[in-house]
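Below is one structure; the comments refer to it alone.
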Amino acid sequence: MDMQVPKKKLGLKERYTLMTRDLAWDTSYQPKEKVYPYADYEGIKIHDWDKWEDPFRLTMDAYWKYQAEKERKLYAIIDAYSQSNGHLGVTDARYLNAIKIFLTAVTPLEYMAHRGFAHAGRAFPGPGARVACMMQAIDEMRHAQTQIHSLSNYNKYYNGFHDAPHMYDRVWYLSVPKSFFDDAITAGPFEFIVSVGFSFEYVLTNLLFVPFVSGAAYNGDMGTMTFGFSAQSDEARHMTLGLECIKFILEQDPANLPIVQRWIDKWTWRGVRLLSIVAMMMDYMLPKRVMSWKEAWEIYFEENGGALFKDLARYGIRMPDCCEQIRQEKDHLSHQVWAAFYNYSAATDFHTWMPDEDEMKWLSQKYPDTFDQHYRPRFEFWREQQQKGNRFYNKTLPMLCQTCQIPMLFTEPGDPTKICYRERDYKGSKYHFCSDHCQHIFDNEPEKYVQAWLPVHQIYQGNCFPEGSDPTAPGFDPLAAVLEHYRLNAGRDNGDFEGSEDQRNFEAWRGMAKRND
Amino acid sequence: MSKVFIALQTNDDTRPIIESILADNPHALPVESPAMVKIDAEGRLTVKRESISERIGREFDLQELHTHLISLSGHIDESDDEFTLHWND
Ligand SMILES: [Fe+2]
Ligand SMILES: [Fe+2]
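Chains A and B supply the protein sequences, listed in that same order.
Residue 463 in this note's numbering sits at position 463 of the first sequence, and the numbers go up by one each step.
Residue 605 in this note's numbering sits at position 88 of the second sequence, and the numbers go up by one each step.
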């Protein structure tokens, strides 16, 4: 007689093996080198792709299930938030300027990350890596979409949210994030995954998505809190992929170590420079603050990143050389970057302002060694000038770093009174850098970085005016022409927050929300 | 020994998860921030399926963690019953 034997449920590890590796096959019509043409040229040697372990062991069916659940939650919250006029519950309309930066500087990067991981997933010969990259490519698309959906609610009411993709390709400060990702996705698949999967995701994105998003929640922005944490729930998987990838590459062949170390050095510095804008968002743009940039830095970079590098030491990986400069800069970064944006506020898609007295007190307390000495006097002077109707706008375009494309605003290591400049001659032209580290990155790959599209150079060359402009015509206003090219509404989207339309509207609408007139 | 951490959203679904983690890892320390909790632990931290199932009164699948996770650090070892974070140093 037949006995019905209950089928044993497969364990997680077996399910993962069956649903990923066992679904892969070797090509026979075409040689491997032709199917994976980008697998070798970076010099990384892989002997056995089967050694790749995805510790999360997430299979596609489980992936769809959990992602769908995250989406349902997210959209329910977004709907409730917009239906109840949630935007009037944020602490202060100043806060929304941080979110404008998010939409123009971060969301397009999510889309670029989607493209990069789709490419890396196609380029890696190993099935474990391919599946993990494919999931991340889909996640990144989801991040771009959920951010656009969540933030479109603000576009109904506030200025500056109207054309993020157009601005991303043109606006001067947005060339910083754009060039960062363009640099990463034009590298080979291994460098891409070390740059984004490891240096950026593992070492740095916690700073943006954890304390900043917690700050969004603290400031009543349910939209950002929801997409932020929803994105970050995928990030845990991405960071794991980054770490796994580094370990895998290093374990495969000792010759990989110097290549990987150079990438880690490069991308840690590139990432740190990119995050300088987040430093300013945390210290200056959140009306209610969870922690200072410096405190977040100590938790997520020094403590957490430090643990990571200690762990990788057994492979011969050392902390990047730039870490000493990074340690010194944490006391200065947010103030220097905010000062620069305050200067150039006539050419941004968001407003800036000088902190009020309470906020200055908070800054002094959080930065006891630097704020009162180096930044408060300048900020008080600017505030006074603004109150006298003499708001300072810098009309001279700044020199940019050839590598990170940030204006020369950082100071010399060890001397916060002196701007740091480095210079290099290459094939008859001069190139400028914000730091030794940006210069070293250039020195390693000059042919890549000489091609940089530097906004200031482009403006001076006449490439950033609307089509048909005649810069020689009498009365031609170059700044106005550049802003038009950016699709920025001068006088509405930019300038000081004090007296802005956003400020007036927010006050009026919040008043209406509490009265029946 | 370096610290590992796991950060979770604070909501009704995560309350029993956080409780279980703290009960199973006496050396772990919760740090609360708006909308989230970060649990730090020296060296190693283990999330146990059974402890969570007991608290919520139904079978819990450890992969449900994905819905509430904000971030983590350390190497991961995941099986049907346990989810462990650790450093190798
Ligand atoms: Fe993302
Ligand atoms: Fe630079």
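Every residue, glycine too, gets a C-beta built ideally from N, C-alpha and C.
- Item | Neighbour list for S568 (chain B) in chain A, Cβ cutoff strictly below 9 Å | One-based indexing of the second sequence puts residue 568 (chain B) at position 51. Ordered by position in chain A, no residue passes the 9 Å Cβ test against S568 (chain B), which lies about 18 Å from the chain.
- Query: Using a C-beta to C-beta distance shorter than 9 Å, which residues of chain A count as neighbours of H592 (chain B)?
  - Reply: Residue mapping note: residue 592 (chain B) aligns to position 75 of the second sequence, counting from 1. Those within 9 Å of H592 (chain B) in chain A are P55, T240, L243, E244, K247, D311.
- Within-8 Å CB hit, P533 (chain B) to chain A: Along the second sequence, read from residue 1 onward, the residue named residue 533 (chain B) stands at position 16. Output row for P533 (chain B): interface = no.
- Per DSSP, E599 (chain B) forms a beta bridge with which residues? The residue labelled residue 599 (chain B) in the question sits at position 82 within the second sequence. Answer is B:K565, bridged to E599 (chain B).
- The alpha helix (DSSP H) spanning T417 (chain A) covers which residue range? Sequence index remark: in the first sequence, residue 417 (chain A) carries index 417 (1-based). Counting along the chain, T417 (chain A) falls outside any alpha helix (DSSP H), though it belongs to the beta strand (DSSP E) covering 415-419.
- Item | Cα-Cα separation, G48 (chain A) to A132 (chain A) | Here residue 48 (chain A) corresponds to residue number 48 of the first sequence, with the count starting at 1. Here residue 132 (chain A) corresponds to residue number 132 of the first sequence, with the count starting at 1. Note on residue identity: the sequence assigns Asp, not Gly, to residue 48 (chain A). If you take the alpha carbons of D48 (chain A) and A132 (chain A), they lie about 17 Å apart.
- Could you spell out the range, first to last residue, of the beta strand (DSSP E) harbouring P547 (chain B)? Taking the second sequence and counting its residues from 1, one reaches residue 547 (chain B) at position 30. First-last of the beta strand (DSSP E) with P547 (chain B): 546-550.
- Task: Let me know the beta strand (DSSP E) ranges lying completely inside the region 145-224 of chain A, each 3 residues or longer, listed in chain order.
- Result: none
- Task: Just grab the DSSP bridge partners of A558 (chain B) for me.
- Result: The residue labelled residue 558 (chain B) in the question sits at position 41 within the second sequence. A558 (chain B) is bridged to B:V521.
- Message: At the 8 Å Cβ level, is T563 (chain B) part of the contact set with chain A, yes or no?
- Response: The residue given as residue 563 (chain B) occupies position 46 in the second sequence. Chain A, which has no Cβ nearer than 8 Å to the Cβ of T563 (chain B), makes this no.
- Do the region 278-289 of chain A and the region 326-341 of chain A make contact, defined as three or more Cβ pairs closer than 8 Å? yes
- Task: Would you please verify whether the beta carbon of M225 (chain A) is less than 8 Å from any beta carbon of chain B?
- Result: Here residue 225 (chain A) corresponds to residue number 225 of the first sequence, with the count starting at 1. Yes - at least one Cβ of chain B is within 8 Å of the one on M225 (chain A).
- Message: Comparing C-alpha positions only, which one of A:G215, A:H457, A:M134, A:F161 sits nearest to I148 (chain A)?
- Response: The residue labelled residue 148 (chain A) in the question sits at position 148 within the first sequence. Per the Cα distances, A:F161.
- Message: Could you check whether the Cβ of F229 (chain A) sits closer than 8 Å to any Cβ belonging to chain B?
- Response: Locating residue 229 (chain A) in the first sequence gives position 229, counting from the first residue. Judged by the 8 Å Cβ criterion, F229 (chain A) is in contact with chain B.
- Query: Under the rule that 16 or more other beta-carbon atoms within 10 Å means buried, what is K330 (chain A), buried or exposed?
  - Reply: Position 330 of the first sequence, counted from the start, is the residue given in the question as residue 330 (chain A). Under this definition K330 (chain A) is a buried residue.
- Query: At which residue ranges does the region 229-298 of chain A contain complete beta strand (DSSP E) runs of 3 or more residues, listed in the order of the chain?
  - Reply: none
- Can you find a CB in chain A that lies within less than 8 Å of the CB of A552 (chain B)? Within the second sequence, the letter at position 35 stands for residue 552 (chain B). Yes, A552 (chain B) lies at the interface with chain A (some Cβ there is under 8 Å from its Cβ).
- Host alpha helix (DSSP H) of I99 (chain A) (start-end): Your numbering for residue 99 (chain A) matches position 99 in the first sequence. Taken as a continuous stretch (DSSP letters only), the alpha helix (DSSP H) holding I99 (chain A) covers 96-101.
- Message: Would L454 (chain A) and Q387 (chain A) qualify as a contact pair, given that the criterion is a beta-carbon distance under 8 Å?
- Response: Walking along the first sequence from the start, residue 454 (chain A) turns up at place 454. Walking along the first sequence from the start, residue 387 (chain A) turns up at place 387. No, the Cβ-Cβ distance between L454 (chain A) and Q387 (chain A) is not below 8 Å.
- Item | Continuous alpha helix (DSSP H) stretch holding I44 (chain A): start and end | For the purposes of this step, residue 44 (chain A) is taken as residue 44 along the first sequence, with counting starting at 1. Element bounds for I44 (chain A): n/a, residue is neither H nor E.
- Message: Can you tell me where the alpha helix (DSSP H) holding L12 (chain A) begins and where it ends?
- Response: Sequence index remark: in the first sequence, residue 12 (chain A) carries index 12 (1-based). Start and end: 12-19.
- Query: Comparing the C-beta of E576 (chain B) with each C-beta of chain D, is any distance below 8 Å?
  - Reply: Looking at the structure shown, chain D is missing, and the protein chains on hand are A and B.
- Message: Distance cutoff 8 Å, beta carbons only. Does E536 (chain B) sit that close to anything in chain A?
- Response: Along the second sequence, one-based indexing puts residue 536 (chain B) at 19. Taking Cβ atoms only, chain A never reaches closer than 8 Å to E536 (chain B), which makes this a no.
- Query: Nearest CA to the CA of Y154 (chain A): which residue from A:F198, A:A129, A:Y81?
  - Reply: Mapped onto the first sequence, residue 154 (chain A) falls at position 154. The candidate whose alpha carbon is nearest that of Y154 (chain A) is A:Y81.
- Query: Shorter than 8 Å from the beta carbon of Q136 (chain A) to some beta carbon of chain B?
  - Reply: Numbered from 1 along the first sequence, position 136 holds the residue referred to as residue 136 (chain A). No, no contact with chain B.
- Same chain, Cβ closer than 8 Å to Y460 (chain A), five either side skipped, listed in chain order: Looking up residue 460 (chain A) in the first sequence gives position 460. Same-chain partners within the cutoff: L397.
- Residues that N605 (chain B) contacts on chain A, provided the C-beta gap is smaller than 8 Å: The sequence position of residue 605 (chain B) within the second sequence is 88, counting from 1. Result: D311, R314.
- Query: Pairing CB atoms from the region 219-233 of chain A with CB atoms from the region 18-30 of chain A, are three or more of them under 8 Å?
  - Reply: no
- State the CB to CB distance for the pair V171 (chain A) and Y486 (chain A), rounded to an integer number of angstroms; the pair is presumed to be in contact (CB under 8 Å). In the first sequence, counting from the first residue as 1, residue 171 (chain A) sits at position 171. In the first sequence, counting from the first residue as 1, residue 486 (chain A) sits at position 486. Between Y486 (chain A) and V171 (chain A) the Cβ distance is about 5 Å, and since that is below 8 Å, they are a contact.
- Query: Could one say the Cβ of E14 (chain A) lies closer than 8 Å to chain B's Cβ atoms, at least one of them?
  - Reply: For the purposes of this step, residue 14 (chain A) is taken as residue 14 along the first sequence, with counting starting at 1. E14 (chain A) does not count as touching chain B.
- Could you pull out every residue in the same chain whose Cβ sits closer than 6 Å to the Cβ of H143 (chain A), ignoring the five residues on either side in sequence? As a working mapping, residue 143 (chain A) is identified with position 143 in the first sequence. Cβ within range, chain order: E110, A231.
- Task: Answer yes or no: the CB of F180 (chain A) versus the heavy atoms of ligand 2, is any distance below 7 Å?
- Result: For the purposes of this step, residue 180 (chain A) is taken as residue 180 along the first sequence, with counting starting at 1. Outside the cutoff, so no.
- Query: Got a sec, what are the start and stop residues for the alpha helix (DSSP H) K361 (chain A) sits in?
  - Reply: Counting from one through the first sequence, the residue named residue 361 (chain A) turns up at place 361. Looking at the DSSP string, the run of the alpha helix (DSSP H) that includes K361 (chain A) is 357-366.
- Message: Would A217 (chain A) and P533 (chain B) be called neighbours here (beta carbons separated by less than 8 Å)?
- Response: Position 217 of the first sequence holds residue 217 (chain A). Position 16 of the second sequence holds residue 533 (chain B). Not in contact: A217 (chain A) and P533 (chain B) (Cβ atoms no closer than 8 Å).
- Note down, in chain order, every chain B residue with its Cβ under 9 Å from the Cβ of V290 (chain A). Counted from its first residue, the first sequence places residue 290 (chain A) at position 290. Within 9 Å Cβ-Cβ: S550, P551.
- Item | Minimum Cβ-Cβ distance from G75 (chain A) to chain B less than 8 Å | Taking the first residue of the first sequence as position 1, residue 75 (chain A) is located at position 75. The sequence shown places Tyr at residue 75 (chain A), rather than the Gly named in the question. Judged by the 8 Å Cβ criterion, Y75 (chain A) is not in contact with chain B.
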